[in-house]
Amino acid sequence: MALLILIRGGGDLGSGIALRLYRCGLRVAIAELPKPLVVRRKVSFAEAVYQNEVTVEGVTARKVTDPTDTLRMLTVFSKKQIPVAIDPEGESIQALHPAVVVDARMLKMRVPLPKTKVNLLIGLGPGFVPGENCHCAVETNRGPLLGRVYWDGTPEENTGTPEPVMGHVDRVLRAPAQGELVGLSEIGDIVQVGQVVAEVNGQPVTSPFTGVLRGLVHSGVVVDSGAKVGDVDPRTDPKLAELVSDKALALGGAVLEAILSRPELRPQLWQ
635 MALLILIRGG
645 GDLGSGIALR
655 LYRCGLRVAI
665 AELPKPLVVR
675 RKVSFAEAVY
685 QNEVTVEGVT
695 ARKVTDPTDT
705 LRMLTVFSKK
715 QIPVAIDPEG
725 ESIQALHPAV
735 VVDARMLKMR
745 VPLPKTKVNL
755 LIGLGPGFVP
765 GENCHCAVET
775 NRGPLLGRVY
785 WDGTPEENTG
795 TPEPVMGHVD
805 RVLRAPAQGE
815 LVGLSEIGDI
825 VQVGQVVAEV
835 NGQPVTSPFT
845 GVLRGLVHSG
855 VVVDSGAKVG
865 DVDPRTDPKL
875 AELVSDKALA
885 LGGAVLEAIL
895 SRPELRPQLW
905 Q
């Protein structure tokens, strides 16, 4: 049987990686939180946790409640779908014995090695140091280094500043308080400057300019004050909410490069 690639984190970046690997004919599974704080939900396989099944750019993922239920995982694979396990602790690593683990949680902090040894552990972005908590790390900051695979050295530090779109660094919507988020607009809606698109603990979350609501955290999720809860794109094209980003696809290419660079893994990829 072909080797398995497990991606920890089914947000927009992890999903872009999963999509690219899936389209290359590889077997991919995703591990997620019980209540993912995903913003770009229309392009995130993590949304399967809430809806049981979700399709991103023609590829379908299905929720698996028990991360140790290998039979259920195999059933999802047999349907040419991607299993999304509710697995905050990474239990599926021991249950599935993946040859490759990709940590796409974007925690932006130093994370420990998983308890179960894997042949290839790939870390995305800040917090990963090859030889310490991963075998290689991938650059996630936009610019000339985006998608570089580091077997030595580390990705750039977290800038703390959202990447601008058409000059707008204020595109990210943040929670004004701690509490439950209630969405008042739908992803893909054209929203006006000052429009209230959501509320957190009764306090409004407003759009800073006119654009398309590209993402919004799932209603009913409790968020911390200052947490990223939405994303507005000044390009008023609703299709942008349903397209995996160029950045996510670039990272998918980087992960594929890292996997193919290991000669011992190549014969097992498409068995």
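Residues 635 to 905 in the working numbering are what the sequence shown spells out, letter by letter.
Just so you know, even glycine gets a beta-carbon here, dropped at the ideal spot from N, CA and C.
Helix, strand or coil at residue i according to DSSP, with G and I counted as helix
i, result
"K697", "strand"
"F670", "The amino acid occupying residue 670 in the given sequence is Pro; Phe does not appear at that position. DSSP places P670 in coil when its eight states are reduced to three."
"D880", "helix"
"Q837", "strand"
"L780", "coil"
"L754", "strand"
"R744", "coil"
"A809", "coil"
"V830", "strand"
"R900", "helix"
"V889", "helix"
"V855", "coil"
"V690", "strand"
"V825", "strand"
"V763", "coil"
"V799", "strand"
Whether residue i touches residue j by CB criterion (7 Å)
i, j, result
"V673", "V851", "yes"
"W933", "G659", "A query on residue 933 cannot be resolved here, the shown segment of the chain reaching from 635 to 905 and no further."
"L815", "V830", "no"
"L755", "V735", "yes"
"P764", "W785", "yes"
"S819", "V827", "no"
"G650", "S678", "no"
"A733", "L637", "yes"
"I821", "K676", "yes"
"V846", "D865", "no"
"L780", "N767", "no"
"A682", "V688", "yes"
Bounding residues of the alpha helix (DSSP H) (the contiguous stretch that carries residue i)
i, result
"I651", "D646 to R657"
"E725", "E725 to L730"
"L708", "T704 to S712"
"L682", "The amino acid at residue 682 is misidentified as Leu; the sequence shows Ala. Counting along the chain, the alpha helix (DSSP H) containing A682 begins and ends at A682 to Q685."
Contact set for residue i: own chain, Cβ-Cβ below 7 Å, skip 5 residues either direction
i, result
"V803", "T795 and P796"
"A707", "Ala is not the amino acid found at residue 707; the sequence shown has Met there. For M707, where only same-chain residues beyond five positions count, the Cβ hits under 7 Å are A663, V698, P717 and L730."
Limits of the unbroken beta strand (DSSP E) element including residue i
i, result
"A771", "C770 to V772"
"A875", "No beta strand (DSSP E) contains A875, which DSSP labels as neither H nor E."
"V734", "V734 to D737"
"K862", "K862 to D867"
"A719", "I716 to I720"
"L818", "Note, L818: premise wrong, no beta strand (DSSP E); not H, not E."
"L660", "Unbroken run through L660: none, as it is neither H nor E."
"L633", "Because residue 633 is not part of the residues shown, which for the chain are 635 to 905, the question remains open."
"R848", "G845 to L850"
Neighbourhood of residue i by C-beta distance below 6 Å, restricted to the same chain and skipping five residues each side
i, result
"N775", "E790"
"Y684", "H852"
"Q837", "P810 and A811"
"D721", "A665 and P701"
"G886", "G650, I651 and R654"
"R642", "A665, D737 and R739"
"T750", "I727 and Q728"
Cβ-based neighbour list, residue i, same chain, cut-off 8 Å, excluding 5 preceding and 5 following
i, result
"R896", "N753 and L754"
"L899", "L637, A733, V734, N753, L754 and I893"
"N686", "R696 and K697"
"G854", "E814, L815 and V816"
"V799", "R805, D867, P868 and R869"
Practice task
Give a yes or no on contact between the stretch 698–714 and the stretch 867–879, applying the rule of three or more CB pairs nearer than 8 Å.
Solution key: no
Exercise for the section: Would you be able to state if there are at least three C-beta pairs under 8 Å between the stretch 805–812 and the stretch 856–869? Expected result: When Cβ pairs closer than 8 Å are counted between the two stretches, the stretch 856–869 is seen to touch the stretch 805–812, the count reaching three or more.
Practice task
Answer yes if the stretch 721–728 comes into contact with the stretch 876–896, meaning at least three C-beta pairs across the two stretches below 8 Å, and no otherwise.
Solution key: no
Problem - Inter-stretch contact (C-beta, 8 Å, three-pair minimum) for the stretch 663–677 and the stretch 707–722 - result: yes
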